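**Student:** First residue of the sequence shown: 55, per my numbering; consecutive thereafter.
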Amino acid sequence: MSKVCLISLGCAKNLIDSEQMLSLLDDAGYELTDDPEEADAAIVNTCAFIESAKSEAIENILAMGGLKKTGKLQKLIVAGCLAQRYKDELLREMPEIDALLGTGSVSEIVNVLKEARPEKKPQYYGDINAPLDEAGRVVSTGPGWAYIKIAEGCSNNCAYCVIPSIRGKYRSRPMENILSEAVALAGTGVRELIVVAQDPTMYGVDLYRKRRLAELTRELAKIDGIEWIRLHYLYPDAVDDELIDTIANEPKVLKYLDIPIQHVNNGILKLMRRRGTGDGIRALLPKLRERIPGVVLRTSLITGLPGEGEAEFEELCSFLREARIERAGVFPFSPEEGTPAFDMPHVDTDEAVRRAELIQEIQAGIMEDFNASRVGATVRVLCEGFDEEVGLYMGRSFAESPDVDGYIYFGSPDECVPGEFYDVIIRGDLDGDLAGEVVAEHA
Ligand code: SF4
Numbered sequence: 055m056s057k058v059c060l061i062s063l064g065c066a067k068n069l070i071d072s073e074q075m076l077s078l079l080d081d082a083g084y085e086l087t088d089d090p091e092e093a094d095a096a097i098v099n100t101c102a103f104i105e106s107a108k109s110e111a112i113e114n115i116l117a118m119g120g121l122k123k124t125g126k127l128q129k130l131i132v133a134g135c136l137a138q139r140y141k142d143e144l145l146r147e148m149p150e151i152d153a154l155l156g157t158g159s160v161s162e163i164v165n166v167l168k169e170a171r172p173e174k175k176p177q178y179y180g181d182i183n184a185p186l187d188e189a190g191r192v193v194s195t196g197p198g199w200a201y202i203k204i205a206e207g208c209s210n211n212c213a214y215c216v217i218p219s220i221r222g223k224y225r226s227r228p229m230e231n232i233l234s235e236a237v238a239l240a241g242t243g244v245r246e247l248i249v250v251a252q253d254p255t256m257y258g259v260d261l262y263r264k265r266r267l268a269e270l271t272r273e274l275a276k277i278d279g280i281e282w283i284r285l286h287y288l289y290p291d292a293v294d295d296e297l298i299d300t301i302a303n304e305p306k307v308l309k310y311l312d313i314p315i316q317h318v319n320n321g322i323l324k325l326m327r328r329r330g331t332g333d334g335i336r337a338l339l340p341k342l343r344e345r346i347p348g349v350v351l352r353t354s355l356i357t358g359l360p361g362e363g364e365a366e367f368e369e370l371c372s373f374l375r376e377a378r379i380e381r382a383g384v385f386p387f388s389p390e391e392g393t394p395a396f397d398m399p400h401v402d403t404d405e406a407v408r409r410a411e412l413i414q415e416i417q418a419g420i421m422e423d424f425n426a427s428r429v430g431a432t433v434r435v436l437c438e439g440f441d442e443e444v445g446l447y448m449g450r451s452f453a454e455s456p457d458v459d460g461y462i463y464f465g466s467p468d469e470c471v472p473g474e475f476y477d478v479i480i481r482g483d484l485d486g487d488l489a490g491e492v493v494a495e496h497a
């Protein structure tokens, strides 16, 4: 048993777990491959946040099960959120699975792999509320960028969300561990750090009895080699003056903020046990635009939540037309067993999907205007490589976060190096992305 393929699904937090597993497997002498057809063992590190994520996980498990019948593959391990949430059902319904690994047992991947076999089916379920294991990573993103997880779990308990039951209560990593990991990442050529957690604004509350995200951000900015720090998933009611000042004044912190608001109707937010109000969100956005000139905002929204009738949905649409948030991800409400929202009355899935599509239309217009406003500007771009199909280099500026915001494609008279910065003048739109050309390698 030597070659292992790990398929990582879901969010950036799960990807970091996958990267830690890869590092442990590498240390134990396993050969890693991206091709499941070549592998002796496959690990599917799953997501189970909403219905579509569960379906994707099951499809991947079934595909690996197929390979066990027809190919070289001998062992199939299911890890992550689906394994944590549905262990009994998975073992009962999917006989192709040889072992399960819960979210509290990432560090046991080598043991579970050794023990996995159909007649034994080991299950590792460590304490999901235990302090985080500090482990090495095989960074799979980049070139030039990596996620950094500052905390695990969530204690907010929004009424629609299963995360606290899958990933435990909020646990911050000690600041010194985060900083030394960031120094190590910088040493491998990482220039952009993307700070993630379920709720980064709560960083420090459990360990230090106070919020320390702003301070952590300033410390990260002192690290040589790190040039961009991108903050994701900021809970709106906790974006306070200290954090805004840090973002505004620290040149390395990107003027790009991902603030998931989910909705703006006061009644819905209260019913969903979200802290803060729609009025608070309405006040926050202009304040951010005033204090952080040129800031680009991203958010996520849920349509069809319990309490959302036509009037509440229209309130959300009007807000979006006015607020002109540059980027948004929208999801139809997915009622999840075990959450308070599961039993609350709500519109059916078709209607929630229809509303999500209407919001996508509103946002598409805002996005187009935003893209048009950038034509002629020269922006600093982190090169990610050359796209053979398009015939241009591809990269991202401060306004594009990986995986969610698309690329800036650009030509260059000279060869560009992935992981390096270039100044690119934007010339126009390219099927929803942007296209331009290099003016100079960024000094
Ligand atoms: S903040 Fe709310 S929605 Fe986000 S992970 Fe925590 S409980 Fe879930």
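Note that the Cβ used here is the ideal one computed from N, Cα and C, for glycine as well. All of these numbers come straight from a predicted model, not from anything done at the bench.
Should L78 and L60 be called a contact, given that it needs their Cβ atoms to be closer than 8 Å?
**Tutor:** Looking up residue 78 in the sequence shown gives position 24. Looking up residue 60 in the sequence shown gives position 6. For L78 and L60, no; Cβs fall outside 8 Å.
**Student:** If we ignore side chains and look at the alpha-carbon of each, how far apart do D441 and V401 end up?
**Tutor:** What you label residue 441 is simply residue 387 of the sequence shown in a count that begins at 1. What you label residue 401 is simply residue 347 of the sequence shown in a count that begins at 1. So the two alpha carbons sit approximately 42 Å from each other.
**Student:** Ordered along the chain, which non-local residues of its own chain (more than five positions away) have a Cβ less than 7 Å from that of L308?
**Tutor:** The sequence position of residue 308 within the sequence shown is 254, counting from 1. So the list reads W282, I283, R284, F452, once near-sequence residues are dropped.
**Student:** If you compare alpha carbons, which of R327, L136, H317 is closest to C371?
**Tutor:** Position 317 of the sequence shown, counting from 1, holds the residue named residue 371. Cα-wise, what sits closest to C371 is H317.
**Student:** Do I248 and I277 count as a contact pair if the criterion is CB distance below 8 Å?
**Tutor:** Here residue 277 refers to the residue found at position 223 when the sequence shown is read from its first residue. Here residue 248 refers to the residue found at position 194 when the sequence shown is read from its first residue. Not in contact: I277 and I248 (Cβ atoms no closer than 8 Å).
**Student:** Confirm the yes/no value for this check: CB of Y289, any heavy atom of ligand 1, distance under 7 Å.
**Tutor:** Translated into positions along the sequence shown, residue 289 becomes position 235. Under cutoff, so the answer is yes.
**Student:** Count the other CB atoms within 10 Å of the CB of L325; is the residue buried (16 or more) or exposed (fewer)?
**Tutor:** Here residue 325 refers to the residue found at position 271 when the sequence shown is read from its first residue. When all chains shown are included, L325 counts as buried.
**Student:** Following the continuous beta strand (DSSP E) through Y447, name the residue where it begins and the one where it ends.
**Tutor:** For the purposes of this step, residue 447 is taken as residue 393 along the sequence shown, with counting starting at 1. Counting along the chain, the beta strand (DSSP E) containing Y447 begins and ends at 446 to 450.
**Student:** Pull up the CB-CB distance for T157 and I220, whole angstroms please, since I reckon it's below 8 Å.
**Tutor:** Looking up residue 157 in the sequence shown gives position 103. Looking up residue 220 in the sequence shown gives position 166. Confirmed, about 6 Å.
**Student:** Sorry if obvious, but does the Cβ on I182 come closer than 7 Å to a heavy atom of ligand 1?
**Tutor:** Counted from its first residue, the sequence shown places residue 182 at position 128. No, the beta carbon of I182 sits no closer than 7 Å to any heavy atom of ligand 1.
**Student:** Assuming G119 is part of the beta strand (DSSP E), what are its boundary residues?
**Tutor:** One-based indexing of the sequence shown puts residue 119 at position 65. Counting along the chain, G119 falls outside any beta strand (DSSP E), though it belongs to the alpha helix (DSSP H) covering 105 to 124.
**Student:** In terms of residues, what are the limits of the alpha helix (DSSP H) holding V259?
**Tutor:** For the purposes of this step, residue 259 is identified with residue 205 of the sequence shown, where counting begins at 1. Residues 259 to 262.
**Student:** Would you be able to state if there are at least three C-beta pairs under 8 Å between the segment 430 to 441 and the segment 452 to 464?
**Tutor:** Contact holds: three or more Cβ-Cβ distances are below 8 Å.
**Student:** From K174 to S161, what distance separates their C-alpha atoms?
**Tutor:** Against the sequence shown, residue 174 aligns to sequence position 120. Against the sequence shown, residue 161 aligns to sequence position 107. Roughly 20 Å separates the two Cα atoms.
**Student:** Mark S62 as exposed unless 16 or more other C-beta atoms lie within 10 angstroms of its C-beta, in which case mark it buried.
**Tutor:** On the sequence shown, position 8 is the one that residue 62 refers to. Buried is the call here.
**Student:** According to the neighbour-count rule (16 or more other Cβ atoms, all chains shown, within 10 Å of its Cβ), is P305 buried or exposed?
**Tutor:** Counted from its first residue, the sequence shown places residue 305 at position 251. Exposed, because fewer than 16 other Cβ atoms sit within 10 Å of the Cβ of P305.
**Student:** For a quick check, are the C-beta atoms of E110 and S388 less than 8 Å apart?
**Tutor:** Locating residue 110 in the sequence shown gives position 56, counting from the first residue. Locating residue 388 in the sequence shown gives position 334, counting from the first residue. Not a contact, by the Cβ cut-off of 8 Å.
**Student:** Quick one: residues in its chain with C-beta nearer than 6 Å to the C-beta of G279, no 5 flanking neighbours on either side, listed in chain order?
**Tutor:** One-based indexing of the sequence shown puts residue 279 at position 225. Hits under 6 Å: A240.
**Student:** May I ask you to check if the CB of D253 is nearer than 7 Å to at least one heavy atom of ligand 1?
**Tutor:** Locating residue 253 in the sequence shown gives position 199, counting from the first residue. Yes.
**Student:** Which stretch, first to last residue, makes up the beta strand (DSSP E) that contains D80?
**Tutor:** Numbered from 1 along the sequence shown, position 26 holds the residue referred to as residue 80. Premise fails: D80 lies in the alpha helix (DSSP H), 66 to 81, not in any beta strand (DSSP E).
**Student:** By Cβ distance below 8 Å, which residues in the same chain neighbour K57 in space, the five residues on each side in sequence not counted?
**Tutor:** Within the sequence shown, residue 57 is the residue found at index 3, counting from 1. Correct list, in chain order: Y84, E85, L86, T87, E92, A93, D94, A95.
**Student:** Just to check, is the beta-carbon of N68 closer than 7 Å to a non-hydrogen atom of ligand 1?
**Tutor:** Mapped onto the sequence shown, residue 68 falls at position 14. No, the Cβ of N68 stays beyond 7 Å of every heavy atom of ligand 1.
**Student:** Ligand 1 and P176: does any heavy atom of the ligand fall closer than 7 Å to the residue's C-beta?
**Tutor:** Translated into positions along the sequence shown, residue 176 becomes position 122. Flag unset: Cβ of P176 not near ligand 1.
**Student:** Would a C-beta distance cut-off of 8 Å place A115 and V166 closer than the cut-off?
**Tutor:** Residue 115 sits at position 61 when you count from the first residue of the sequence shown. Residue 166 sits at position 112 when you count from the first residue of the sequence shown. The question names Ala, yet the displayed sequence has Ile at residue 115. No, the pair does not count as a contact, with Cβ atoms beyond the cut-off.
**Student:** Regarding N210 and ligand 1, is the C-beta to nearest heavy atom distance less than 7 Å?
**Tutor:** For the purposes of this step, residue 210 is taken as residue 156 along the sequence shown, with counting starting at 1. Yes, ligand 1 has a heavy atom inside 7 Å of this Cβ.
**Student:** In angstroms, rounded to a whole number, what distance separates the CA positions of L351 and T255?
**Tutor:** Stepping through the sequence shown from its first residue, residue 351 is reached at position 297. Stepping through the sequence shown from its first residue, residue 255 is reached at position 201. So the two alpha carbons sit approximately 16 Å from each other.
**Student:** Would you mind listing the beta strand (DSSP E) stretches within the segment 413 to 496 that are 3+ residues and don't spill past its ends, in chain order?
**Tutor:** For the segment 413 to 496, whole beta strand (DSSP E) runs of length 3 or above, ordered along the chain, are 432 to 441, 446 to 450, 462 to 465, 475 to 484, 487 to 495.
**Student:** With the cut-off set at 8 Å, would you say I204 and A268 are in Cβ contact?
**Tutor:** Stepping through the sequence shown from its first residue, residue 204 is reached at position 150. Stepping through the sequence shown from its first residue, residue 268 is reached at position 214. It is not a contact, given that the beta carbons lie outside the stated cut-off.
**Student:** Excluding the five sequence neighbours on either side, which residues of its own chain have a C-beta within less than 6 Å of the C-beta of R345, listed in chain order?
**Tutor:** In the sequence shown, the residue the question calls residue 345 occupies position 291. If we look at R345 and ignore the five residues flanking it on each side, its Cβ neighbours are I298, A302.
**Student:** Measuring straight from C-alpha to C-alpha, what distance separates V216 and Y262?
**Tutor:** Position 162 of the sequence shown, counted from the first residue, corresponds to residue 216. Position 208 of the sequence shown, counted from the first residue, corresponds to residue 262. Straight-line Cα distance between these residues: approximately 26 Å.
**Student:** When we look at the beta-carbon of N425 and count the other beta-carbons within 10 Å, is it buried (16 or more) or exposed?
**Tutor:** Position 371 of the sequence shown, counted from the first residue, corresponds to residue 425. So N425 ends up on the buried side.
**Student:** Regarding C215 and ligand 1, is the C-beta to nearest heavy atom distance less than 7 Å?
**Tutor:** Locating residue 215 in the sequence shown gives position 161, where the first residue counts as 1. Checking every heavy atom of ligand 1 against the Cβ of C215, one is found closer than 7 Å.
**Student:** Between the Cα of E246 and the Cα atoms of R225, G198, L270, which residue gives the shortest distance?
**Tutor:** Residue numbering aside, residue 246 sits at position 192 when the sequence shown is read from its first letter. The shortest C-alpha separation from E246 is found at G198.
**Student:** Just to check, is the beta-carbon of P218 closer than 7 Å to a non-hydrogen atom of ligand 1?
**Tutor:** As a position in the sequence shown, residue 218 is number 164, starting the count at 1. True, at least one ligand heavy atom lies under 7 Å from that Cβ.
**Student:** Return the CA-CA distance between E368 and N319, expressed in angstroms with no decimal places.
**Tutor:** Counting from one through the sequence shown, the residue named residue 368 turns up at place 314. Counting from one through the sequence shown, the residue named residue 319 turns up at place 265. Rounded to whole angstroms, E368 to N319 spans 10 Å at the Cα level.
**Student:** Residues in its own chain within less than 8 Å of P386 by CB, not counting five upstream and five downstream?
**Tutor:** Sequence index remark: in the sequence shown, residue 386 carries index 332 (1-based). I356, T357, G358, T403, A406, V407, R409, A410.
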